[in-house]
Structures are given as C-alpha cells and as structure tokens.
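Participant: The structure is given below, and queries will be raised subsequently.
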Amino acid sequence: MQKTTIEKIRETASFLQSQYSTAVEVGIVLGSGLGNFTREITVEKEVPYTDIPHFPVSTVQGHSGKLIFGELAGKKVVAMAGRFHYYEGYTPEEVVFPVRVMHLLGVKTLLLSNAAGAVNTDYEVGDIMIIRDHISFFTPNPLVGKNIEEFGPRFPDMSEPYRKDLIEKAKNIGKKHGYDLKEGVYVGVTGPTFETRAEYRLIHAVGGDVVGMSTVQENIVAVHMGMAVFAASVVTDLGIRDEENVITHEEVLAAAKEAEPKLATLFRELVASLS
Ligand code: HPA
787 MQKTTIEKIR ETASFLQSQY STAVEVGIVL GSGLGNFTRE ITVEKEVPYT
837 DIPHFPVSTV QGHSGKLIFG ELAGKKVVAM AGRFHYYEGY TPEEVVFPVR
887 VMHLLGVKTL LLSNAAGAVN TDYEVGDIMI IRDHISFFTP NPLVGKNIEE
937 FGPRFPDMSE PYRKDLIEKA KNIGKKHGYD LKEGVYVGVT GPTFETRAEY
987 RLIHAVGGDV VGMSTVQENI VAVHMGMAVF AASVVTDLGI RDEENVITHE
1037 EVLAAAKEAE PKLATLFREL VASLS
C-alpha cells in the first residue's frame, strides 16, 4: 500500500535522527544566492538530500542540496542549503516536506530567507526587507487535501504569519548595526517567469512591497504546525520600471551575494536572542 504523507514524514524524521540524534530548535531555509550563510554554523553533520528517504529528488538542477546540522549562537539548528520551489515541478506537498520533517525534529522557530524583486519604489537593490505579511498570488496552498490533524487544524488562523516579537527583535538588531531594514509585504508567485511590467504594477497595486517565488508555502505549513516564523527578503532587482531594464537570474544571484553578510548578522543575532 502507498504510504501516507505523515508516514513518510515520520520515516524521514527517524532516519535523520539516526544520523544526528540531538534535538534541533531552529530551522533555517536559505534563499537563492544566500547559501554561504552555512559558514556561520559549526557543522556537526551534513546529510545530502539524495541520501534522505522521501526527500524530493532534484531532477531540474544540476546538483541537489543538503541538510546541515550544527550549532549557531549556542543553539542547535538545522539548515537547508537549497530549497524546493514549486516552479521546478514539485507539488506543493513536496515543496513543504522538509519543513514538516523539521517539526518532528523539534524545530520551534523557522527562519526563511529569499531573493525578491521590489515593487515598493522606496526600496533599492541590496535592501533587506523583514516580511511582515504575505499575499499568495496564485501559489497553490500546500494544505489542500486531507488535513494532518496531528500537525494542526483544518482552517489555520493566519493573523500573525510572521511573529511580531521576532520582527521587533530583528528591527533592534538592525538598528544596533545601522542597517536600514525595510518591513513589508511579500507577494508569492509561482514563477519561473519574472513578472511582466503590468504584473509588477498589479502587485504594487494590491499592496505588495516585494515579489518572489518561494516562502509562502513553507510559511503556511509552519504556521499550521504552530512554529514561530521569521522571514526576510533580499531585494535583488526593482522589477521592470522603464522601457529599458530587463531582469536576469545572474543579477539576482549577484545582488543576493552582496547583501548576504547583513542577512547573516541578522539571522545569527536573532538566533542568539531566542530564549
Ligand atoms: N520576481 C519574482 N521573483 C524574484 C524576483 C522578481 O522580480 N527577483 C528575485 N526573485
């Protein structure tokens, strides 16, 4: 008989516990161009995705990622170096599978990062935006289907998808370092196309500050399971604003790399501040 989702999640968690037996408190998902953050972690165990039972198999990218277990600012953490995107062809359930596994490993706080395009005209490339709220712009909800009751309710409340106390802590860290952190609304799209000029305008009109191709689905399952979520976007482009500019994946990656040290400090100090 085919295994149910929860059976698979449990098997994967047991396998990972056989590889690294310490409970982890904090989960971290690193966005495009932000993978170097793993250098902040004192690595105790690395497990390639290809070795993990039931993990989505990467068919699109040349190389697949890994889970990194270790210590950061005195806390046991697990970080995903490489996430799964809906645009790669994974189902929404596959995209969020690792976040659900993290829950069974003990993760209570989830930090998400991503690269995003700004539609807020006050933003500049290289800015970091704390995500206060999000809008799903036709990204399928990963909770569609039979509810996993032991994870959370059928109709989860989404009034505080990103925890206010974590946002406050992050703002204080930003102030201390003199960072001009933005705070705003992330609009999640499926990609893989960047937006048309008309779509960037629409996203701005509906109340978005940035737009990106990840994060929303992961946030939804994390909130469903009662995790405290913090997320930040690195502004890697400004959408299409005039008749001239185009957006390339290369510029997105380069801009993310530039802003990475700031984000690393923010995440490290945020983890340190968790009680
Ligand atoms: N749109 C969608 N996703 C993105 C963008 C963008 O402009 N930049 C980086 N990820």
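Taking the numbering used here as reference, the numbering of the sequence shown is continuous, increasing by one, and the terminal residue is 1061.
Ideal Cβ placement from N, Cα and C applies to all residues, glycine included.
#1: State buried or exposed for MET999, treating a residue as buried only when at least 16 other CB atoms are found within 10 Å of its CB.
#2: Could you give the first and the last residue of the continuous beta strand (DSSP E) run that contains GLU830?
#3: Is THR1022 near the ligand HPA, in the sense that its beta carbon is under 8 Å from a heavy atom of that ligand?
#4: To the nearest angstrom, report how far apart ARG983 and TYR972 are at their CA atoms.
#5: Any heavy atom of the ligand HPA inside 8 Å of the beta-carbon of MET915?
#6: To the nearest angstrom, how far is it from the Cα of VAL893 to the Cα of ILE814?
#7: So LEU988 is in the alpha helix (DSSP H); what residue range does that whole segment cover?
#8: By Cβ distance, which residues of its chain are closer than 7 Å to VAL911, with the 5 residues on each side in sequence left out?
#9: For PRO978, does the count of other Cβ atoms within 10 angstroms reach 16, so buried, or fall short, so exposed?
#10: Rounded C-beta distance between SER1019 and VAL1002? I'm assuming under 8 Å.
#11: Which residue spans inside the stretch 871-947 form an unbroken beta strand (DSSP E) run of at least 3?
#12: Between the stretch 1041-1059 and the stretch 947-959, do at least 3 Cβ pairs fall closer than 8 Å?
#13: Ordered along the chain, which non-local residues of its own chain (more than five positions away) have a Cβ less than 7 Å from that of GLY938?
Facilitator: The relevant details are as follows:
#1: Looking up residue 999 in the sequence shown gives position 213. The residue in question, MET999, is buried, as its Cβ has 16 or more Cβ neighbours within 10 Å.
#2: Numbered from 1 along the sequence shown, position 44 holds the residue referred to as residue 830. Segment 828-834, the beta strand (DSSP E) holding GLU830.
#3: To locate residue 1022, count along the sequence shown from 1; it is residue 236. The answer is yes for THR1022.
#4: The residue given as residue 983 occupies position 197 in the sequence shown. The residue given as residue 972 occupies position 186 in the sequence shown. ARG983 and TYR972: Cα-Cα distance of roughly 18 Å.
#5: As a working mapping, residue 915 is identified with position 129 in the sequence shown. Incorrect: MET915 has no Cβ contact closer than 8 Å to the ligand HPA.
#6: In the sequence shown, residue 893 corresponds to position 107, counting from 1. In the sequence shown, residue 814 corresponds to position 28, counting from 1. The alpha-carbon atoms of VAL893 and ILE814 are separated by roughly 10 Å.
#7: For this step, residue 988 is matched to residue 202 along the sequence shown. Segment 983-991, the alpha helix (DSSP H) holding LEU988.
#8: The residue given as residue 911 occupies position 125 in the sequence shown. Result list for VAL911: VAL1021, THR1022, ASP1023, LEU1024 and ALA1041, in chain order.
#9: As a working note, residue 978 is residue 192 in the sequence shown. Classification for PRO978: exposed.
#10: Locating residue 1019 in the sequence shown gives position 233, where the first residue counts as 1. Locating residue 1002 in the sequence shown gives position 216, where the first residue counts as 1. Not really, about 12 Å apart at Cβ, beyond 8 Å.
#11: 895-904 and 914-922
#12: The answer is yes - the stretch 947-959 touches the stretch 1041-1059, with three or more Cβ pairs under 8 Å.
#13: For this step, residue 938 is matched to residue 152 along the sequence shown. Contacts found: HIS1010, MET1011 and GLY1012.
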